[in-house]
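Residue numbers (the working numbering), protein chains in the order written: chain F, -2 to 113; chain L, 27 to 243.
We put the CB at the ideal spot given by N, CA and C, even for glycine.
Since the structure is predicted, the reported quantities are computational estimates derived from the model, not experimental observations.
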Amino acid sequence: GIDCQSGSRMCCRQEFFVDFREIGWHDWIIQPEGYAMNFCTGQCPLHVAGMPGIAASFHTAVLNLLKANAAAGTTGGGSCCVPTIRHPLSLLYYDRDSNIVKTDIPDMVVEACGCS
Amino acid sequence: TPRAGGQCPSCGVPTLDLASQRELLLDLAKRSILDKLHLSQRPTRSRPVSRAALRTALQRLRGPPRGTLPRANRAQEYEIISFAETDLSNINQTRLDFHFSDRTAGGMEIQQASLMFFAQLPANTTRPLKVSVLTPGPHDTNLTLATQHLLEVDASGWHQLLLGPEAQAACSQGHLTVELVPEGQVARDSVILGEATHRPFVAAQVRVGGKHRVRRQ
């Protein structure tokens, strides 16, 4: 995966950190201090679409599914910049009754992006 | 990717200025977390939580303190179940003897022990039951009363009593004696059953090695 640099147009991972204190959520979320809601952005020109090694395994299946269903997604001939590696977000927070709850939310943090 | 007067290349929506884009992303993050936690809105706490409780939760979140062995290879732990030798000659007083053989070289440390017994009562009756733990005297002389519990047995069936440190010490020394005496009017037949299918037993969690081994480490 490629991390976005200023000015790059290629499919990349854009880091975006949500500070719980900034949004006023630090009183009920104990840990962590924030959430790395990274996202994928940028273009996938044809010569990059389906580049082996980056996203092929994960998205080959999706593409075949789309082909099989002849979904519109492929008619444009483009491909999408999508997450290829994701991690859970582990939260420790107070619920309504002031119980301390620990939860692992799967697939919340994007670690890498690729062209489908 | 902001472009002058352009559109978002992938969804076609007109590009936002950076401040509105940031607002949108923050809102998206909030919604995403609340959805995954199945919450319609952020919880507001009804009452404060002590810092000690918070500290304990944080320690648990971080896993065992550094330097401690993982549970798997700490001193070996196992469970002993000892079925009672029962003396039911007197229906109003049941004496149970439990024997624990210590086959391990390092001695055994009882972590927890509970007594299980089957009580049989006529329907819709309750009986107070006095449970006495007897331990041998200092020079292995006759038994002395160590602790006493009063239970309210309110139904027929299996009942459990968690045994205290005195009983646990007796188990680790190999022999525990318990006396069960129903209180109230004299019963026509025994409250405590002792035949094979309902024999009282003690289940004890044991750690091999006990304290001195730790010291040696």
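Residue i lies in the alpha helix (DSSP H); which residues open and close that run?
i, result
"residue 191/L", "191 to 198"
"residue 3/L", "Nothing about residue 3/L can be read from this structure; chain L reaches only from 27 to 243."
According to the neighbour-count rule (16 or more other Cβ atoms, all chains shown, within 10 Å of its Cβ), is residue i buried or exposed?
i, result
"residue 37/L", "exposed"
"residue 186/L", "exposed"
"residue 118/L", "exposed"
"residue 45/L", "exposed"
"residue 35/F", "buried"
"residue 178/L", "exposed"
"residue 188/L", "exposed"
"residue 39/F", "buried"
"residue 107/L", "exposed"
"residue 126/L", "buried"
"residue 55/L", "buried"
"residue 121/L", "buried"
"residue 70/L", "exposed"
"residue 30/F", "exposed"
"residue 151/L", "exposed"
"residue 143/L", "buried"
"residue 124/L", "buried"
"residue 170/L", "exposed"
"residue 135/L", "buried"
"residue 193/L", "buried"
"residue 148/L", "exposed"
"residue 14/F", "exposed"
"residue 113/F", "buried"
"residue 154/L", "exposed"
"residue 208/L", "buried"
"residue 72/F", "With a pLDDT of 43 at residue 72/F, under the threshold of 50, the predicted position of this residue should be treated as unreliable, and no value is reported."
"residue 176/L", "exposed"
"residue 111/F", "buried"
"residue 48/L", "exposed"
"residue 18/F", "exposed"
"residue 50/F", "Confidence in residue 50/F is poor, its pLDDT being 43 and thus under 50, which makes the residue's placement too unreliable to answer from."
"residue 4/F", "exposed"
"residue 39/L", "exposed"
"residue 203/L", "buried"
"residue 93/F", "exposed"
"residue 66/F", "At residue 66/F the pLDDT is 48, less than 50, meaning the model places this residue with poor confidence; the figure from the coordinates comes in the next sentence. Flag for residue 66/F reads exposed."
"residue 104/L", "exposed"
Could you pull the start and end residues of the beta strand (DSSP E) that residue i belongs to?
i, result
"residue 153/L", "153 to 162"
"residue 140/L", "134 to 145"
"residue 83/F", "78 to 91"
"residue 106/L", "103 to 109"
"residue 41/L", "Per DSSP, residue 41/L belongs to no beta strand (DSSP E) and is neither H nor E."
"residue 227/L", "227 to 234"
Sort out for me which residues DSSP pairs residue i with in a bridge.
i, result
"residue 114/F", "Residue 114/F is absent from the structure shown; chain F starts at -2 and stops at 113."
"residue 99/F", "89/F"
"residue 119/F", "In the structure displayed, chain F extends from -2 to 113; residue 119/F sits before or after that span and is not available."
"residue 170/L", "161/L"
"residue 14/F", "33/F"
"residue 205/L", "121/L and 158/L"
"residue 176/L", "156/L"
"residue 113/L", "121/L"
"residue 0/F", "10/F"
"residue 185/L", "143/L"
"residue 4/L", "Here chain L has residues from 27 to 243 only, and residue 4/L is not among them."
"residue 111/F", "79/F"
"residue 106/F", "84/F"
"residue 33/L", "40/L"
"residue 218/L", "145/L"
"residue 67/L", "BP columns for residue 67/L are empty, so no partner."
"residue 85/L", "Its beta-bridge partners do not exist; DSSP assigns none."
So is the beta-carbon of residue i under 7 Å away from any non-hydrogen atom of the ligand GTP?
i, result
"residue 182/L", "Only the bare structure without any ligand can be found here, which leaves the ligand GTP out of the picture."
Exercise for review: Taking 8 Å as the threshold, find out whether the segment 101 to 110 of chain F comes into contact with the segment 77 to 92 of chain F through three or more Cβ pairs.
Suggested key: Counting C-beta pairs closer than 8 Å gives three or more between the segment 101 to 110 of chain F and the segment 77 to 92 of chain F, which meets the contact rule.
Check your understanding: Taking three-plus beta-carbon pairs below 8 Å as touching, is the segment 187 to 206 of chain L in contact with the segment 218 to 232 of chain L?
Key -> The count of Cβ pairs closer than 8 Å, one atom from the segment 187 to 206 of chain L and one from the segment 218 to 232 of chain L, reaches three, so the stretches are in contact.
Exercise for review: Anything in the segment 47 to 73 of chain L with a Cβ closer than 9 Å to a Cβ of chain C? List those residues in chain order, please.
Suggested key: Protein chains F and L are contained in the structure displayed, whereas chain C is not.
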